[in-house]
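Listed in order, the protein sequences are those of chains H and E.
Here our numbering = 1-based position in the first sequence + 25.
Here our numbering = 1-based position in the second sequence + 16.
Please read the structure below before turning to the comments.
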Amino acid sequence: MIADYFSQAIASFVGTACFGVIFQIPKRSLVQCGLAGMVGWLVYYGLIQADADPIAATWASAVLIGLIAHYLAIRFKVPVTVFSVSGIIPLVPGGMAYDAMLRVVQNDYMSAVELGAKAFMLSGAIAVGLVFSEVVNQLVKKVRMGIARAGG
Amino acid sequence: MNEPMNVRSNEIVEVCLLAGKIMLENGGETYRVEDTMIRIASAYGAENPQSFVMPTGIMFAIEGSEASTRLVRISQRSTNLNKVTEVNDISRRIAGGQLPPVEACRLLKGVASGAPVYPLRIQLVLAALASGCFLILYDGTWADMPAAMLCGGTGFWVLGRMARLSSIRLFGELIAALVVGLLSYLVVHLGVGQQHSTIMIASVMPLVPGLLITNAVRDLMAGHLVSGISKGAEAFLTAFAIGGGIGIALTLNG
């Protein structure tokens with residue numbers, strides 16, 4: 026159990042950092058990018074292990090990655106995509122899309138459409154999760170500005 | 017303030033367009049490109065700067081006594097977030113009032129011609145490593161890792177080669193996915209790997225259009241509907257190309 030989480034943590038850290046290299050992010054951001062991806066994946070993995078709905082798990086993980094990316098972007102003064110872009114890659118429903126494709130090839134269009142729709146919903150969950158984190162970020166900014174104005 | 021405004025406004029437009037072009041060509045979000053250009057122009061005191069950015073071009077105008085409007089076409093797009101970050105830093109310095117236009121232009125040209133942070137060889141090795149790691153994330157066995165790394169690295173290499181051969185990106189993605197699919201059957205046949213499906217899924221991951229998905233979402237959020245939808249369409253097409261390549265590989269293996 027612990028060993029499982031450990032290997033997942035290492036694999037997700039290295040995997041997302043490698044993706045950072047493919048996207049040519051600055052060298053100083055590589056470790057933080059790997060950490061963002063690792064935290065996001067571990068939350069997803071933990072939720073899946075606890076029998077959560079995959080769509081909800083993907084959404085929650087995408088929100089978390091978005092929030093971490095926003096925090097790191099402000100902290101280290103780099104564009105937010107540097108962190109969010111590789112962090113969400115492990116969440117992409119590659120396996121589901123593969124299964125859908127397999128059914129298409131086998132002329133089993135009913136299951137293909139079902140699996141395809143599921144894969145589509147999962148990618149939608151990633152997008153909505155990112156949007157949600159952006160909204161939270163804007164709200165936090167507004168509240169902070171409001172407090173500063175009230176205080177000043 | 018005795019220098020003629022004409023020169024100044026030309027210089028401002030020059031700096032703004034250069035900054036915008038570098039950002040857009042290297043994977044910056046549309047809203048960030050517009051924002052950066054307006055910020056630079058305002059920092060130099062331009063009157064009512066307007067920028068309109070699409071994935072394929074930038075229009076930029078400033079008003080005032082010497083109004084100026086220019087257009088740049090963006091034909092080549094790749095991903096180099098380091099350049100986007102560097103332009104971001106330069107625009108921050110300009111906004112802080114520390115950089116005259118001539119100096120900013122020189123710095124930006126340096127960024128534009130800069131070499132990639134990570135050479136292609138390292139990218140290739142790390143794309144292979146990424147495939148190996150994703151195999152673990154998708155419940156693969158450690159024994160299959162070398163096979164996934166081989167397939168993933170080859171797929172990424174093929175994508176790079178195809179990009180040089182043909183300007184149609186979708187074609188390169190389809191061929192790369194096809195090669196990955198066939199190679200994963202081959203490695204299983206040779207006994208290097210066991211589960212061809214997991215190897216295939218993990219090896220295709222370096223081809224996934226992650227940047228397009230996130231940028232499309234961010235652009236839609238910022239109200240850039242044209243850019244957001246066109247980037248989303250591009251991401252969809254890429255996903256279909258990858259699916260098509262895998263589909264052909266599956267069909268060929270009956």
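Where is the CB? At the ideal position from N, CA and C, for every residue including glycine.
All values derive from a computational prediction rather than experimental measurement.
Taking the Cβ atom as the reference point for each residue, do residue i and residue j lie within a distance shorter than 8 Å?
i: Leu181/E; j: Ala257/E; result: no
i: Asp160/E; j: Gly209/E; result: yes
i: Val56/H; j: Ile138/E; result: no
i: Leu72/H; j: Ser37/H; result: no
i: Ala120/E; j: Phe44/H; result: no
i: Leu33/E; j: Ile74/E; result: yes
i: Asn42/E; j: Ser91/E; result: no
i: Val195/E; j: Thr230/E; result: no
i: Gly59/H; j: Ala42/H; result: yes
i: Gly130/E; j: Lys99/E; result: yes
i: Gln49/H; j: Leu97/E; result: yes
i: Gly226/E; j: Ser111/H; result: yes
i: Gly80/E; j: Leu136/E; result: no
i: Leu147/H; j: Pro118/H; result: yes
i: Ala192/E; j: Leu228/E; result: no
i: Thr46/E; j: Ser107/E; result: no
i: Cys149/E; j: Val39/H; result: yes
i: Pro51/H; j: Val103/H; result: yes
i: Leu124/E; j: Ile28/E; result: no
Hey, could you find the ends of the beta strand (DSSP E) residue i is sitting in?
i: Gln33/H; result: Gln33/H -> not in any beta strand (DSSP E); alpha helix (DSSP H) instead, spanning Ile27 to Ile47.
i: Asn98/E; result: Segment Leu97 to Ala111 is the alpha helix (DSSP H) holding Asn98/E; no beta strand (DSSP E) there.
i: Gln66/E; result: Glu63 to Met70
i: Ser84/E; result: Ser84 to Arg89
i: Gly126/E; result: That residue, Gly126/E, is in no beta strand (DSSP E); its alpha helix (DSSP H) goes Pro117 to Ala128.
i: Ala57/E; result: Counting along the chain, Ala57/E falls outside any beta strand (DSSP E), though it belongs to the alpha helix (DSSP H) covering Thr46 to Ala59.
i: Gly73/E; result: Gly73 to Glu79
How should residue i be labelled, buried or exposed, when 16 other C-beta atoms within 10 angstroms of its C-beta is the threshold for buried?
i: Ser158/H; result: buried
i: Met17/E; result: Residue placement at Met17/E is poorly supported in this model, since its pLDDT is 41, which falls under 50; the coordinates still yield a value, given next. Exposed, by the Cβ-count rule.
i: Asp133/H; result: exposed
i: Ile183/E; result: Contrary to the premise, residue 183/E reads as Ser rather than Ile in this sequence. Ser183/E comes out exposed.
i: Asn11/E; result: Chain E is shown only over 17 to 270; residue 11/E falls outside these bounds and no answer can be derived.
i: Ala173/H; result: exposed
i: Asp78/H; result: exposed
i: Arg48/E; result: buried
i: Glu19/E; result: Interpretation of Glu19/E is limited by its pLDDT of 45, a score under 50 that renders its predicted location unreliable; no figure is taken from the coordinates.
i: Ala76/H; result: Residue identity differs from the one stated: residue 76/H is Asp in this sequence, not Ala. Asp76/H should be labelled exposed.
Whose CA, out of the options, lies closest to the CA of residue i?
i: Ala122/H; options: Ile264/E, Leu268/E and Ala255/E; result: Ala255/E
i: Gln114/E; options: Ala59/E, Val69/E, Ile78/E and Glu45/E; result: Ala59/E
i: Ala98/H; options: Arg53/H, Val39/H, Gly176/H and Leu140/H; result: Arg53/H
i: Tyr70/H; options: Ala34/H, Asn162/H, Lys166/H and Gly120/H; result: Ala34/H
i: Leu166/E; options: Ile215/E, His240/E, Gly259/E and Glu250/E; result: Ile215/E
i: Ala164/E; options: Leu199/E, Pro132/E, Leu186/E and Val133/E; result: Leu199/E
i: Ala61/H; options: Val107/H, Asp29/H, Val153/H and Gly119/H; result: Val107/H
i: Arg89/E; options: Ala232/E, Ala62/E and Gly36/E; result: Gly36/E
i: His212/E; options: Thr83/H, Asp29/H and Leu127/H; result: Leu127/H
i: Gly263/E; options: Ala125/H, Val160/H and Lys166/H; result: Ala125/H
i: Val153/H; options: Leu92/H, Met26/H, Ala77/H and Ile27/H; result: Leu92/H
i: Leu142/E; options: Arg185/E, Ser219/E and Arg55/E; result: Ser219/E
i: Gly188/E; options: Ile38/E, Gly259/E and Ser243/E; result: Gly259/E
i: Ala144/E; options: Gly244/E, Gly168/E and His240/E; result: Gly168/E
Whole angstroms is fine: what's the gap from residue i's alpha carbon to residue j's?
i: Ser109/H; j: Ala94/H; result: 5 Å
i: Pro71/E; j: Gly176/H; result: 42 Å
i: Glu82/E; j: Ser25/E; result: 7 Å
i: Gly197/E; j: Phe31/H; result: 30 Å
i: Ile152/E; j: Gly120/H; result: 13 Å
i: Phe68/E; j: Phe76/E; result: 6 Å
i: Trp84/H; j: Ile113/H; result: 10 Å
i: Thr85/E; j: Glu30/E; result: 11 Å
i: Met21/E; j: Ala57/E; result: Residue placement at Met21/E is poorly supported in this model, since its pLDDT is 42, which falls under 50; the coordinates are not used for a value here.
i: Leu87/E; j: Gln66/E; result: 12 Å
i: Val160/H; j: Met237/E; result: 9 Å
i: Val233/E; j: Gly207/E; result: 42 Å
i: Val203/E; j: Tyr96/H; result: 43 Å
i: Ala62/E; j: Ile54/E; result: 9 Å
i: Phe172/E; j: Gly270/E; result: 25 Å
i: Tyr134/E; j: Asp29/H; result: 32 Å
i: Leu241/E; j: Lys247/E; result: 10 Å
Along the chain, where does the alpha helix (DSSP H) that runs through residue i open and close?
i: Gln74/H; result: Leu55 to Gln74
i: Met170/H; result: Tyr134 to Gly176
i: Ser200/E; result: Arg185 to His205
i: Met161/E; result: Met161 to Leu181
i: Leu223/E; result: First-last for Leu223/E: undefined, no H or E at that position.
i: Ile114/H; result: No alpha helix (DSSP H) contains Ile114/H, which DSSP labels as neither H nor E.
i: Ala94/H; result: Pro79 to Phe101
i: Arg137/E; result: Leu136 to Leu153
i: Lys248/E; result: In the sequence as presented, Lys is not what sits at residue 248/E; that position holds Gly. Element bounds for Gly248/E: Leu241 to Leu268.
Against chain C, with Cβ distances strictly below 8 Å, would residue i count as a contact?
i: Ala152/H; result: The structure shown contains no chain C; its protein chains are H and E.
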